[in-house]
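For the numbering used here, add 40 to where a residue sits in the sequence shown, where the first one is 1. Reading through the structure tokens given below for one structure.
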Amino acid sequence: QPAPAAAPQPPRPPQPAAVPQAPVPQAPPPVSPEDDVPEEDDPDLVDSALTGHELIVRELGATVVEEYTNE
41 QPAPAAAPQP
51 PRPPQPAAVP
61 QAPVPQAPPP
71 VSPEDDVPEE
81 DDPDLVDSAL
91 TGHELIVREL
101 GATVVEEYTN
111 E
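Below is the structure:
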């Protein structure tokens with residue numbers, strides 16, 4: 041009588057080939073607050089920068105439903 045056949049092994053998923061890792065770039069040194077002030081002639085500096093209510097209305101199209109003051 042023949043010996044029972046061994047149960048077939050499920051196929052293994054292919055293993056990814058070893059990919060060389062690129063060196064991690066070094067983080068730039070921190071900037072002191074004195075050096076982090078924009079110059080007056082900076083073209084990206086906008087004097088008419090909006091904040092708060094005006095910014096939300098312009099950017100998101102918000103509508104004021106009711107205003108009240110916290111006293």
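Note that beta-carbon positions come from the ideal geometry of N, C-alpha and C, so glycine has one too. All figures in this text were calculated on a predicted structure; none of them were measured in a lab.
Under the three-state DSSP convention, the category residue i falls into
i    : result
L85  : coil
L100 : helix
E80  : coil
L95  : helix
E74  : helix
Rounded C-alpha distance that separates residue i from residue j
i    : j   : result
D76  : P63 : 29 angstroms
E111 : T91 : 22 angstroms
R98  : V86 : 15 angstroms
S80  : P60 : This sequence places Glu at residue 80; Ser is not what is there. Answer to the nearest angstrom: the Cα atoms are 46 angstroms apart.
CA nearest to the CA of residue i, picked from the options
i    : options       : result
E106 : H93, Q49, R98 : H93
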